[in-house]
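These notes concern the structure reproduced below.
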Amino acid sequence: MDSFLLLLCFLPVSYLLFKLFIVIDQKRHQCCYILDYHCYKPGDDRKISTEFSGEIIRRNKNLGLNEYKFLLKAIVSSGIGEQTYAPEMIFHGRETCPTFEDGITEMDEFLNDSIEKVLDRSGVSPSEIDVLVVNVSMITSLPSLAARVINRYKMREDIKVYNLTGMGCSASLIAVNIVQNIFKCCKNAYALVVTSESLSPNWYTGNHRSMILANCLFRTGGCAVLMTNKVTLKNRAMFKLKCLVRTHHGAKDDSFSCCIQREDEQGRVGFHLDKTLPKSATRAFVDNLKVMSPKILPLTELLRFSIVSFSRKMSQSIDGSRPVINFKTGVNHFCLHTGGKAVIDGIGQSLNLSEYDLEPARMTLHRFGNTSASSLWYVLGYMEAKKRLKKGDKLFMISFGAGFKCNSCLWEVLRDLGDRNVWDDCIDNYPPENLANPFMEKYGWINDEDPSTFKVPE
Amino acid sequence: MPQNLPNFSHSVRLKYVKLGYQYLVNHIITFLLIPIMAGIVIEVLRLGPEEILGIVRSVHLDIVHVLCSSFLVIFIATVYFMSKPRSIYLVDYACYKPPVTCRVPFATFMEHSRMNLKDSPKSVDFQMRILERSGLGEETCLPPAIHYIPPNPTMEAARGEAELVIFSAIDALMKKTGVKPKDIDILIVNCSLFSPTPSLTAMVVNKYKLRSNIKSFNLSGMGCSAGLISIDLARDLLQVQPNSHAIVVSTEIITPNYYQGQERAMLLPNCLFRMGGAAILLSNKRRDRNRAKYKLTHVVRTHKGADDKAYKCVFEEEDAQGKVGIRLDKDLMFIAGEALKSNITTMGPLVLPASEQLLFLFTLIRRKIFNPKGKPYIPDFKQAFEHFCIHAGGRAVIDELQKNLQLSAEHVEASRMTLHRFGNTSSSSLWYELNYIEAKGRMKKGDRVWQIAFGSGFKCNSAVWKCNRTIKTPSDGPWQDCIDRYPVHIPEIVKL
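Going line by line, the protein sequences match chains A and B. Be aware that the first sequence starts at 1, since it is given in full-length UniProt numbering, and climbs by one per residue. Be aware that the second sequence starts at 1, since it is given in full-length UniProt numbering, and climbs by one per residue.
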């Protein structure tokens, strides 16, 4: 009888333990690790200085002095430095009539470089890749860029491949989202996320104010990220994905149309950036944080914030400052999309971040410019090169994109990192004492010129 | 006459032998169980009722035993149910029906072609020859911008076409299924050659005011097989997220991609591609189990991009004048055949009944050991599927697949009629074909459908669906006004 009673207790307990085991086993194989990543750095002959940008603007017959002043002011105050990279066709003077081949060649340069380097460094052969996600927003080709990668590197026949386009500067995290979901279904897989932006075919040749800005702000760049969910590689992995939140404000008309590709009155296609862009961005950002904060901040901070806001509301004080949630309690490093100086300043202000926190983003903007979706990985590279990333640190990535989307995610650093990667040649010069653009001293007089008497200097 | 008779009886005998073999192998477990069951029944009848009761009492069934054994049963059942992947159901789908004003009968197409290609009559002749042999009918449609002479492909016109096709399809889908915009959790749009920023998915989110935490993905450049790639992505996402709805929109926007040059290999797509789109609602919710039309059983993807020839056979590039177009290689059919072989090698073991698999194994062994030059055995896929939806890529594709898979004319009827009525609508053609089969009242519960699509790269993707409930002839849909005229006989060459 006793033995039967024992069996009676033993069975349900073992059943519960087994259920627990299955859940843990599933979760073990569902973690998303970054094994390695490599950012693209073109050759020195592709560097573009502010002076050269000025020349390019002058070359454009459609732009008069007012546009010249407007654009130069924008470039000078954008926080972009003198060493950013531009696509090759600009150096041949062909920016007004790019060919289809130009766009493809631009992509080929990047694809042939970064993917090979990341696979070599991590010792994974291309035929071991199970998932490939390529995202390049502004070019479509048949076969897709993903098929180009498969052809170049001779990947397997049963590979799961996805080619995302049109998703803007936040597409890196959307690609990571796809990989995260596939990892939950497939065990022991390798995934390659390739992200870049195509600039050559998208040069705007008209003179509509809201559209000429896009020409000057984007720069060439790209990144290939190797991810896995193999538990055995946990020791070699760099980062682990903790959570990812996507917010899409396309339902609001002004958010949808603040950043849109369309034709101007003359029928020229360009990227229209509306004045309501900062407002839409802030709205999307706040919504995203509302969902993200409970997932990443410790309970103490959430409690403190709710108590302070509640008491503020109750006391109805006319005190100007609103309670600010302190993200630094749950996050050690902030990886911000380098959309421009205004974007970085705006995020810094709303999250109450110090100059030290914003330094990686500012320096990336200075050195590489706004490389669209891949900018997050350059910022990450800076932090790693400066040896800021230690085991156990939490890293918060946030990006914005056309639509209007705001995507963010939290990574945990799995081991001390210190590789100088793409910042190798210049990390020692950063941060510089002075970020001001040298162009201002030389050409500041342009702001005083009278449009009626001005002749463009030869 | 006398020569035919022996063959006839021989083939009839062979047919019965084959049938007998299939029944035996596929139902082998039943055949084994029957004697065992018969033995048990005879034993029980022999024993008599009092002896049976005596045996039952002696087993000492007390409460502890009952509890333990029921725990064991529940335990095993839970483990089994937890390890099963979630079922993905296709609740319903809607295909876009272009308006009559967009129709391009042969006469219109040739007239436009003569005007646009004034300087090269040889190219006009080439287009005429292609059109004659294409298998297209007089009711296929092109978007409004292409009806201009010369065509006027602005970005606004392309956006207009996208809005027209996608919004009509989604409106029809929402009306059919009753799903509300707030219920949609996943949205995937695939369109190969038109990708504005913000994406087409953002356009859909904006029009229908979808939720801000929607998971949206915009795939492009993946060719005519992109519809099945989107279904694969939706399946992976629905496995992870319980209780969700996913909408997949497959379309191809023709406006920006109409080739305006004179190179022949690039004029071919102009003759074949037409306007079309489809919206599909997928779900993994339990309550959709009864009203869903199909259940997704398998998706198999094959990518031949590693082979250079396969990669280059459908290629977008500039011609000598700098005009962008899609070049189709002469080896396309051969490469398609190779890709199909790879795909069915993976697909075969998943869907073929045991009889076919054994036959394949035996013939493989025989070929390897005895006769290396023997023809490979092509498994009879008609055993595994009742309906076939072959991407209506062109007449040659359908002919090639009919030959390779040894299908009858009725099996490929849906594909041929879709090509005739709607042309090659790229990734959405599979859904027009499925709708044809339903409109003809041929879809019964338990029927299995095989959708095959080819795409640039070179990809061959297949999806297998199982019909969940017998489908009544739909009262709406793209075939509603013309299904009674079909099937039509499509001559080899239509004289223009």
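Using N, Cα and C, we set each Cβ at its ideal position, and we do this for glycine too. Predicted model, so just to flag it, every value in this text is computed and none were measured.
By the neighbour-count criterion, in which a residue is buried when 16 or more other Cβ atoms sit within 10 angstroms of its Cβ, residue 355(A) is exposed. A Cβ-Cβ distance of about 6 Å is found for the pair residue 135(A) and residue 373(A), placing them in contact under the 8 Å criterion. Residue 247(B) has its alpha-carbon roughly 20 Å from the corresponding atom of residue 245(A). Rounded to the nearest angstrom, the gap between the Cα atoms of residue 57(A) and residue 365(A) is 21 Å. Using a CB distance cut-off of 8 Å, residue 311(B) counts as an interface residue toward chain A.
One Cα belongs to residue 305(B), the other to residue 74(B), and the distance between them is close to 48 Å.
Contact note: residue 140(A) reaches chain B through 191, 192, 193, 194, 195, 220, 221, 316, using a C-beta cutoff of 9 Å and chain order.
Taking the C-beta atoms as reference points, residue 376(A) is found no nearer than 8 Å to residue 391(A).
Residue burial annotation: residue 269(A) is buried, with at least 16 other C-beta atoms found within 10 angstroms of its C-beta. Relative to residue 173(A), the option among 114(A), 330(A), 34(A), 424(A) whose CA is nearest is 34(A). Going by DSSP, residue 317(B) is part of the beta strand (DSSP E) stretching over 314-318. Close to residue 156(B), with beta-carbon spacing below 8 Å, are these residues of chain A in chain order: 262, 263. Fewer than three Cβ pairs drawn from the segment 143-157 of chain B and the segment 284-294 of chain B lie within less than 8 Å of each other, which leaves the two stretches out of contact. Buried is the label assigned to residue 184(B), since at least 16 other Cβ atoms lie within 10 Å of its Cβ.
Assigned with DSSP and collapsed to three states, residue 390(B) falls in strand. Counting C-beta pairs with one atom in each stretch, the segment 417-432 of chain B and the segment 105-115 of chain A have fewer than three that are closer than 8 Å, which means they do not touch. Contact check for residue 39(A) against residue 381(A) passes: the beta carbons are separated by less than 8 Å. When 7 Å is used as the limit between beta carbons, residue 326(B) is near these residues of chain A: 142, in chain order.
As DSSP reads the structure, residue 423(A) sits in no beta bridge. With the rule of 3 Cβ pairs closer than 8 Å, the segment 384-391 of chain B counts as touching the segment 443-458 of chain B. For residue 99(A), the C-beta contacts it makes with chain B under 7 Å involve 318, 322, in order along the chain.
At a C-beta separation below 8 Å, residue 269(A) has these neighbours in chain B: 155. Under the Cβ criterion (8 Å, minimum of three pairs), the segment 220-240 of chain A counts as touching the segment 176-189 of chain A. Within the same chain, and ignoring the five residues on either side of residue 437(A) in sequence, the residues whose Cβ sits closer than 7 Å to its Cβ are 50, 76.
Among the bridge pairs identified by DSSP, residue 410(A) is matched with 243(A), 396(A).
Going by DSSP, residue 173(A) is part of the alpha helix (DSSP H) stretching over 171-185. If you compare the alpha carbons of 63(A), 418(A), 191(A) with that of residue 129(A), the shortest gap goes to 191(A).
For residue 327(B), the beta-bridge partners assigned by DSSP are 315(B).
Assignment of residue 95(B) by DSSP, reduced to helix, strand and coil, places it in the strand class.
When C-beta atoms of the segment 264-281 of chain A are compared with those of the segment 64-74 of chain A, fewer than three pairs fall below 8 Å, so the two segments do not count as touching. Counting along the chain, residue 276(A) sits inside no beta strand (DSSP E), nor does DSSP assign it H or E at all. Residue environment analysis places residue 369(B) among the exposed positions, since fewer than 16 neighbouring C-beta atoms fall within 10 angstroms of its C-beta.
Going by beta carbons, residue 219(A) and residue 99(A) fall outside the 8 Å limit. For residue 308(B), the chain A residues whose C-beta falls within less than 8 Å of its own C-beta are 151, listed in chain order.
Here residue 16(B) is exposed, its C-beta having fewer than 16 other C-beta atoms within 10 Å. Collapsing the DSSP output to three states places residue 222(B) in coil.
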